[in-house]
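In this note's numbering, the protein residues as written are 7 to 514.
For each residue, glycine too, the CB sits at the ideal point set by N, CA and C.
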């Protein structure tokens, strides 16, 4: 058993809050230990604020990620870039918030096409991504998992955006089925003979006669396992040069699909009734157990990647970041209440309430990030690009650039007095009811929950005393409301691709 597995086993016994930084034994094999650090960035898909043990989850064990928190830093006021998939990925890779970002929603070329389409609106060629910045510094770069920023043959393809290698789903809607007929390797399709294409959105009128009858909603090749194999291979092949691995897992995004042996780790009495697909995605005989299995498999993926770093002899020279693209979903058989997925937070995926955008962030870098530490510094996924650039270069990107992100390196490296703070964190969401939100001074949150209404009401919440956003205090603080309106007008730049009519006349 290697170092990582020994520590994870100890965590499973002691609990996620234990400080296990002194539990290491056996030196790893010799690898490259000088120069620029390696970077592993794990992005979960639809993982909620309270779905990890280190953030209070009690039903689903996540020992590998809990170990990262025990040996690193856990952020308690961290936000995604948006409440859905594609725009958060754009914000992550460009450090520009959704009032400025090129991709602000999940729209596809020509509108919503057939379910077996191959891509969303492409990230423009003139964007400078995190991968391109690291590639120019000599890093080997790989995106493994779910892309969602442009289909085959477009300027948004990951191999046109700074990644030497890509393996996974080009189109994020294809990732609704975790037993796909194919994945992409760079510009080529890789097919799976033991998987056939079927719609990831089906509904039953009544339960099937036998649990085995639901096997029709699975195949032989589980995409998360193939992606994990590719990640391990990438680490092994690049152990002697700096590398950036962007592991964009499709878990635990629906549909509810997991290998049976993982589902069987969880109690049968959790699921007195099957899920019939009545609120979207695929039917499932054991929906709660399957969702737990998907999160457990995500944790297993993190543990396997950490094992690979150990075997390559580069773990101590690698920055590992773990976060999520948005909060827990609202559909498809996921029982947020049963798992207490969002704890006291209001909302969910698809809106700008805290439950839709507040997400975990765990950072690990032995000897640099203090073990068992936490930070309440308000930050966003837009901050990861400047953070990583500073950790590689020693200085953050030029302040004169158009980045909205601020480096969190001072906080991570134990220099909180040097940490710059955001005056505001800005979010907008042009789909659904169209929403706009801004967090001022880390405390006040102003939100327009429905911009399609006239007038568009603005609500104000004090997140220090009311993190669940239950008491609208807009009438009590007109000064803060006025400032929020000014910020909202300033931070929104109109987008032809993602119009918000109620804002486009206000933006500057």
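How should residue 385 be labelled, buried or exposed, when 16 other C-beta atoms within 10 angstroms of its C-beta is the threshold for buried?
-> buried
How long is the line joining the alpha carbons of residue 192 and residue 165, rounded to whole angstroms?
-> 7 Å
Hey, residue 198 and residue 227 are a contact pair by Cβ (cut 8 Å); roughly how many whole angstroms apart?
-> 4 Å
Beta strand (DSSP E) containing residue 45: first to last residue?
-> 44-50
For residue 68 and residue 261, the rounded distance between their alpha carbons | 21 Å
Enumerated in chain order, which unbroken segments of the beta strand (DSSP E) with a length of 3 residues or greater are wholly contained in the stretch 309-339?
-> 324-330
Residue from 97, 146, 158 and 103 with nearest C-alpha to residue 115 | 158
Distance, residue 175 Cα to residue 450 Cα | 38 Å
Backbone CA spacing between residue 312 and residue 240 [nearest angstrom] | 13 Å
So does the stretch 450-468 actually touch the stretch 412-424, counting three or more Cβ pairs closer than 8 Å?
-> no
Tell me the start and end of each unbroken alpha helix (DSSP H) in the stretch 136-167 that is at least 4 residues and wholly inside, in chain order.
-> 136-141
Can you tell me which of 81, 90 and 248 puts its alpha carbon nearest to the alpha carbon of residue 144?
-> 248
Note down the Cα distance separating residue 555 from residue 485, rounded to an integer number of angstroms.
-> Because the chain spans 7 through 514 in this model, residue 555 falls outside it and cannot be assessed.
Distance, Cα to Cα, residue 446 vs residue 468?
-> 10 Å
Should residue 76 go down as buried or exposed, given a rule of 16 or more other Cβ atoms within 10 Å for buried?
-> buried
DSSP three-state assignment for residue 468, whether helix, strand or coil | Here residue 468 sits in strand by DSSP.
Proximal residues to residue 128 (C-beta, below 6 Å), its chain only, five neighbours per side dropped = 156, 160, 161 and 162
For residue 294, is the classification buried or exposed, using 16 other Cβ atoms within 10 angstroms of its Cβ as the cut-off for buried?
-> buried
Taking 9 Å as the cut-off, decide whether the C-beta atoms of residue 282 and residue 212 are in contact.
-> yes
Identify, in the order they occur along the chain, each residue of the same chain with its Cβ nearer than 6 Å to the Cβ of residue 138, setting aside the five sequence neighbours on each side.
-> 168
Specify, as a first and last residue, the run of the alpha helix (DSSP H) that residue 407 falls within.
-> Where residue 407 is concerned, there is no enclosing alpha helix (DSSP H), given that its DSSP letter is neither H nor E.
When we look at the beta-carbon of residue 35 and count the other beta-carbons within 10 Å, is it buried (16 or more) or exposed?
-> For residue 35, the pLDDT reaches just 42, beneath the cut-off of 50, and the residue's location in the model is therefore unreliable, although a value from the coordinates is still provided. Note on residue 35: under 16 other CB atoms within 10 angstroms of its CB, so exposed under the neighbour-count rule.
Tell me which same chain residues have a C-beta within less than 6 Å of the C-beta of residue 465, skipping the five on either side of it?
-> 453, 478 and 480
With a Cβ-Cβ cutoff of 9 Å, do residue 107 and residue 330 count as a contact?
-> no
Grab me the residues of residue 487's own chain with a C-beta within less than 8 Å of its C-beta, minus the 5 sequence neighbours each way, in chain order.
-> 452, 464, 466 and 480
Identity of the residue in 394, 412 and 436 nearest residue 425 by Cα | 412
With a threshold of 16 other CB atoms inside 10 Å of the CB of residue 470, please say whether the residue is buried or exposed.
-> exposed
Start and end of the alpha helix (DSSP H) containing residue 345?
-> 342-345
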